[in-house]
Amino acid sequence: MFGWRMLALAGVLFLSACRSTPEIPPFTASGYLADDGVVRLWRKDNNDGSVHLLAAFSPWSGDKTSTSDYRWQNDALTSVDYQLQGKQPEQVKVRFDDRGGLSFMQREVNGQKQQLSSDQVALWQYRATQMRNTSDALRAGRVVLRQGRWNPDGTITTCEGQIVQPEFDRRAQERLSERQRHAKARVSAAWLEAPEGTQLLLVANEDFCAWQPKPDSF
């Protein structure tokens, strides 16, 4: 089984540059395993030069999935929107003008609005750049994220309505079966498919398909 982690992405870029690959579609979904959780990425590159990237982070411990929404225009970062749900919800909004200058910033924690420091804004800019570089590497390496509901016969009904049977190893199959035994409804699964193999990323009781971005509206 292969493992897609941050340290492997440079190798992905090198390998992809050494082989001819089909053109990357405008809308893509990918992901990777981080040290502290799972990151799922959705991205759309538009004809007008704008890029929209949504990153969903699910930690190994707890169920507080956070989302970071980034937008660029002609490679210039224009906006950052971060949301963390839970007992202590947090929101961050940052906007940049056409010249790259800061035009708006705000952080809200438990309903209390705060201003971001210049260092905090710079950190969000850095995170945006890192996430886009990661997305570039995953797209070049043909690492594709898929999601759906697991069926008792070992197949998965994807969010697009297809019935597929990913080539999971025994450990992944056992993980799905164990989660299903303790769930009242069909569990959701997120996994990666790449030329190097298939890897189960995430299993949860929530319906991933209910909020998965769609190409037309993303």
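Under mature numbering (1 follows the signal peptide of the UniProt record, and there is no 0), the residues of the sequence shown are numbered -19 to -1, 1 to 199, in order.
No residue lacks a Cβ here, since even glycine has one placed at the ideal position from N, Cα and C.
| Item | Value |
| --- | --- |
| Whole runs of the alpha helix (DSSP H) within the stretch 37 to 96, excluding any shorter than 4 residues | none |
| Beta-carbon spacing of W131, Q161 below 8 Å | yes |
| Opposing strand residues paired with G30 [DSSP bridges] | Answer is none; G30 lacks a bridge partner. |
| CB of K25 within 8 Å of CB of P196, strictly | yes |
| Terminal residues of the alpha helix (DSSP H) in which T110 lies | 99 to 121 |
| Beta-bridge pairing of F8 - partner residues as DSSP gives them | K25 |
| CA-to-CA distance, G81 to W172, given in whole angstroms | 36 Å |
| Other residues of its chain near W192: CB distance less than 7 Å, five sequence neighbours each side excluded | none |
| Outcome for A57 when other beta-carbon atoms lying within 10 angstroms are tallied against a minimum of 16 | exposed |
| Reduced DSSP category for R127 - H, G, I as helix; E, B as strand; rest coil | strand |
| Endpoints, the alpha helix (DSSP H) within which S158 is located | 151 to 162 |
| Beta-ladder partner(s) of W172, from DSSP | R127, L181 |
| Bridge partner(s) assigned by DSSP for G18 | A15, P40 |
| Closest residue to Q101 among A36, V90, M86 (Cα-Cα distance) | M86 |
| Cβ shell of I144 (< 6 Å), same chain only, five flanking positions each side left out | T136, T138 |
| Residues near L119 by beta carbon distance below 6 Å, same chain, minus five either side | S11 |
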